[in-house]
Amino acid sequence: MENKNFQESKIIVVSNRLPVSVTKKNKSFNFQQSPGGLATGLRSLKQKKKTIFIGWPGYATSKEKEKDMIEAKLKEEYSCYPVFLTNKELERYYYGFSNKTLWPLFHYFSAEPTFEESEWETYKKVNQKFFKKVMEIGGPQDIYWVHDYHLMLLPSLLRKGLPQSAVGFFLHIPFPSSEIFRILPWRTEVIDGLIGADLIGFHAYEYARHFLSSALRLRGYEHELGSIRVDNRIVKVENFPLGIDVKQFKELLEQDRIEKQIQEFSERIDAQNKRIILSVDRLDYTKGIPHRLKGFEHFLKNYPKWHGKVVYIMLCVPSRTRVKAYSQLKEEVDRLVGEINGRFGTPDWMPVYYMYRSLPLEKLLPLYSVADIALVTPVRDGMNLVAKEFVASRKDHTGVLILSETAGAVAELGEAITINVNSKKEIAQALNQALKMNQKEQKKRIKAMEKRLWDYDVYTWTQSFIDRIKDVKNIQSQREHRKLNENLKKKLVSDYKKGDQRLLLLDYDGTLISFSSRPEQAQPDLELLRILIALAKNPQNTLVLISGRDRLTMERWLGDIPCSMVAEHGGWLRKKPNSKWEMLQPLSTEWKEQLKPIIKTYEVRVPGSLVEEKEYALAWHYRKSDPELGEIKSCELFDHLSEFLANTDLQVTHGNKVVEIRASGIDKGNGVKYFLRQKNWDFCLAMGDDWTDEDLFKVLPPKAYSIKVGYGPTQAKYDLESPKSCRNLLRRLSKK
Ligand code: GDG
């Protein structure tokens, strides 16, 4: 793969909804920019050249003529390419699987989701439909940016369709803990769908962590600092907190018509001498609207001094009204508002002013601007842009934001008064505190939050995501250069053929054979033995098999092969076929009795792990234990032993799912030096997979072929994917 500079690339944004909505009224079509957080975020991309959008236009039709007309206009005027969905598809994929299964589950409403096989089937089908559309428009050089929970299978479809292309995925809602995610019957398909991307982005670090944990527990994908290795690809998992277009807000606030509206609102409110509490949300059960109303009721009950002095303006935008949970919520909200107004209202004071509608931005902005308090109380929210928009709308920097701690936005808006949405007492106290807060304090807090909004606005967000996809692609292509491709394999085979004196240094576990859950299960199979015997019998070859295993096991498993061997990471050498084992240097074993109890406590505390006792080493294996617990405890044991063994002649190493103690100076590099010195080798090949093999790679002559099996940082010149590809290469050599 070439190192890409992406000069010629288009950015293709794929999301459920296009940023333009199509509606039909009186036989004519209306094209309008869509409301909602995602559309707001993507709009900024449109200003850049070569950005195109693929998604549902919001209008279902089966008439081909209508489709053609809509398609032509969207393409020409908005760089948008529609994916038309039938009503049945919408019912099952959008209202069904996306909003009755994924949405509640990912927001921790674990009793709410339905799990309908037919809806899942349609979800898969619609993801395919999007894929087909993308393939009509994009090419291998383009950058694809897939958005949100409606399209979680699309990244892998794109990976298969355009294997080399750059694919990013961003999730706008939380990714739940693996305990919740695993409830989903199709959890592995969803992980596999996402893993096709090069970059997977979330609003918050917490969601990225949850995804990594699910990928590990449910699919066995390990990660290193957020990088997962899948086959020969690196997949990066990171957080990118979505920002807003602060500049646009500031500019709008300066416009005459907005100023006039603000002025009008202010005068009306001043005349009534009321303080304004504001909330703005889609009417969604994740937004904590009933919780908020109950908190407000508690506030009125417990702080009567504010009666007649505050008004709560609650703007709820109708949303997903065809889903039952939403119509039920609407009924509950209507009832609560009625109860509060009925109980506390007077002929000249209505405590809750409730609007169930959407407002144009020219009206919304003045509302943000004149409110004294924004009350943002989601039960769970991926980010929450309303909180950020309120901060950006404060012209004189006064105002107080109350924000629940379960909104993603809380990470950046630390100066807000934070509340637990399930405590109506906390909501009431926060309202009282906000109403009493002096202007100096208000300004200090709003300014600090506004600065952060400028630092990471929607433009920076978009740019940093796209830049990161390019980075990942470049990291991948650097890796690609190290891959032992067919041409290099041919060269290696031809050099081998030319060589008269050939040294083959081969690690055993993870190189010649795949790992098993228990070390004693990784015995060589017949095919491997045949290949190794053929190589060893060739008089031009000196074959050395190297392992961290003890010499008795090596003798038992591989002893009949006419080759040399290195056991216990270089502690023991069998210099010639059938010769006696010799120690590299005299070693003591007294230390083992002292350290065994320490290492044994880990065997007890980490279920599935085990201690292996070798003649001159102790190893703690954790391959079969819970992967996260194993990783944490292995680091703890490694640290503990490193400190304990400092200034002794013992060393501790952290290999592939194993922590091992052995004498200092014993390593695979020192173990093979004897063989390297024997002749002036005209062909030398070394293969190994883990950290302990790096010592081997370090001591090789410059012309040697050094190959790391698997991927990761290494001193080796080349990479090979797996023990299987390693075996294929050795088979080729054995036939020469
Ligand atoms: C999802 C995630 C994440 C609302 N009413 C009106 C109106 N809005 C605009 C707001 C804001 C947007 O809609 C709402 O964004 P949120 O972030 O609050 O929530 P979701 O719609 O649930 O969005 C969320 C977001 O994706 C982005 O990633 O933050 O966590 O759930 O921009 O201004 N706009 C206008 N009139 C209205 O009546 N003009």
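The sequence shown begins at 415 in the working numbering and counts up by one. Glycine included, every Cβ here is placed at the ideal spot set by N, Cα and C. Just so we're clear, the structure is a prediction, and the values are computed from it rather than from any experiment.
My output table needs one value for residue i: the three-state DSSP class, helix, strand or coil.
i: residue 1124; result: coil
i: residue 564; result: helix
i: residue 1020; result: coil
i: residue 653; result: strand
i: residue 1029; result: coil
i: residue 743; result: helix
i: residue 670; result: helix
i: residue 600; result: coil
i: residue 1095; result: coil
i: residue 988; result: strand
i: residue 783; result: helix
i: residue 1135; result: coil
i: residue 1059; result: helix
Could you check how far apart the C-beta atoms of residue i and residue j are, in whole angstroms? I think they sit under 8 Å.
i: residue 558; j: residue 581; result: 5 Å
i: residue 750; j: residue 787; result: Actually they are not in contact, since the Cβ atoms of residue 750 and residue 787 sit about 19 Å apart, beyond 8 Å.
i: residue 436; j: residue 472; result: 6 Å
i: residue 814; j: residue 769; result: Not really, about 22 Å apart at Cβ, beyond 8 Å.
i: residue 1123; j: residue 924; result: 6 Å
i: residue 510; j: residue 533; result: 4 Å
i: residue 811; j: residue 854; result: The pair is not a contact, with the Cβ atoms about 10 Å apart (cut-off 8 Å).
i: residue 860; j: residue 808; result: 5 Å
i: residue 873; j: residue 1097; result: Incorrect: roughly 56 Å between the Cβ atoms, too far for contact.
For residue i versus residue j, is the C-beta spacing smaller than 8 Å?
i: residue 695; j: residue 701; result: yes
i: residue 605; j: residue 628; result: yes
i: residue 561; j: residue 429; result: yes
i: residue 407; j: residue 466; result: This structure does not reach residue 407, given that the chain is present from 415 up to 1150, and the question cannot be answered.
i: residue 477; j: residue 425; result: no
i: residue 375; j: residue 1069; result: Lying before the first or after the last residue shown, residue 375 is absent from the chain, which here runs from 415 to 1150.
i: residue 983; j: residue 1102; result: no
i: residue 654; j: residue 584; result: yes
i: residue 760; j: residue 792; result: no
i: residue 726; j: residue 683; result: no
i: residue 632; j: residue 601; result: yes
i: residue 609; j: residue 579; result: no
i: residue 487; j: residue 445; result: yes
i: residue 948; j: residue 976; result: no
Give the straight-line distance between the Cα atoms of residue i and residue j, rounded to the nearest whole angstrom.
i: residue 1061; j: residue 1078; result: 10 Å
i: residue 806; j: residue 867; result: 8 Å
i: residue 731; j: residue 777; result: 14 Å
i: residue 416; j: residue 447; result: Residue placement at residue 416 is flagged as unreliable, the pLDDT there being 42, under the threshold of 50; a coordinate-derived value is accordingly withheld.
i: residue 676; j: residue 545; result: 46 Å
i: residue 884; j: residue 613; result: 9 Å
i: residue 932; j: residue 981; result: 18 Å
i: residue 422; j: residue 432; result: 24 Å
i: residue 697; j: residue 1125; result: 48 Å
i: residue 780; j: residue 804; result: 10 Å
i: residue 589; j: residue 1130; result: 37 Å
i: residue 826; j: residue 767; result: 30 Å
i: residue 679; j: residue 673; result: 10 Å
i: residue 955; j: residue 1115; result: 17 Å
i: residue 929; j: residue 499; result: 47 Å
i: residue 711; j: residue 817; result: 18 Å
i: residue 657; j: residue 619; result: 15 Å
i: residue 901; j: residue 568; result: 33 Å
i: residue 1132; j: residue 1119; result: 8 Å
i: residue 496; j: residue 468; result: 6 Å
i: residue 573; j: residue 522; result: 30 Å
i: residue 789; j: residue 871; result: 22 Å
i: residue 755; j: residue 830; result: 28 Å
i: residue 842; j: residue 864; result: 25 Å
i: residue 1108; j: residue 1067; result: 12 Å
Have a look at the options and flag the residue whose alpha-carbon is nearest the alpha-carbon of residue i.
i: residue 1022; options: 1006, 713, 675 and 1072; result: 1072
i: residue 603; options: 620, 512, 624 and 566; result: 566
i: residue 1009; options: 1026, 997, 522 and 611; result: 1026
i: residue 833; options: 705, 756 and 779; result: 705
i: residue 1110; options: 1042, 921, 481 and 468; result: 921
i: residue 796; options: 1056, 519 and 1130; result: 519
i: residue 1005; options: 992, 1028, 591 and 1024; result: 1028
i: residue 762; options: 724, 481 and 664; result: 724
i: residue 592; options: 576, 624, 586 and 571; result: 624
Should residue i be listed as close to ligand 3, given that the test is whether its C-beta is under 7 Å from any heavy atom?
i: residue 798; result: Ligand 3 is absent from the structure shown, which contains only ligand 1.
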